[in-house]
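*Asks:*
In the working numbering, the protein residues as written are 1050 to 1241.
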């Protein structure tokens, strides 16, 4: 699966007008989505991505308009499945991805349970009230998101070097977190 990730820790553009958001999403779709007979520069020739991921770590305007454009184009494809995903930091609704969660039909939500000492994976204690709030994400996402059939993935850092401030756990503790999280129908797996 190849996802086109939009945003990240270093993206600071701040967003678009609504028409620019829609046009930008259309351009990305033409460049990386299914090829069409119209002449268009395609960065990877006939290679096609499997979807888009919203990883906005800074505020950006009109992201719902941006996200709804590829959703509309994806829904028109009969021969291939595509996905729209988001990778918000722990807090819900996240100030940067929150509007996307509330207004765009997402397939998968990769919750970043790291770099947040109070709520990271390392705050999990099996069988006790815990700072790890998969249950809260599950409930709030179901109540506030337009996506009702989404899956949530636990975004776990693969090493302590990746998440130096907090969130790294060893395989044994991650196994306990997965076991706990499987009780929620939204649990889709782990991304490391």
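A virtual CB, placed ideally from N, CA and C, is assigned to each residue, including glycine. For clarity, every value in this text was computed on a predicted model and none was experimentally measured.
For residue 1187 and residue 1156, I'd like the C-alpha separation in whole angstroms.
*Replies:* 14 Å
*Asks:* Go to residue 1117, then tell me how far its alpha helix (DSSP H) extends in each direction, as first and last residue.
*Replies:* 1112-1124
*Asks:* Would residue 1149 pass as a contact of residue 1103 if the rule is Cβ separation under 7 Å?
*Replies:* yes
*Asks:* Compare the Cα-Cα distances from residue 1138 to each of 1164, 1122, 1114 and 1120 and report the closest residue.
*Replies:* The residue from 1164, 1122, 1114 and 1120 with its alpha-carbon nearest to that of residue 1138 is 1164.
*Asks:* May I have the straight-line CA-CA distance separating residue 1166 from residue 1122, to the nearest angstrom?
*Replies:* 39 Å
*Asks:* Is residue 1197 helix, strand or coil when you go by DSSP?
*Replies:* coil
*Asks:* What residue from 1206, 1232, 1131 and 1116 has the CA that sits closest to residue 1105's CA?
*Replies:* Of 1206, 1232, 1131 and 1116, the residue nearest in Cα terms is 1116.
*Asks:* Indicate the three-state DSSP secondary structure (helix, strand or coil) for residue 1079 in the structure shown.
*Replies:* helix
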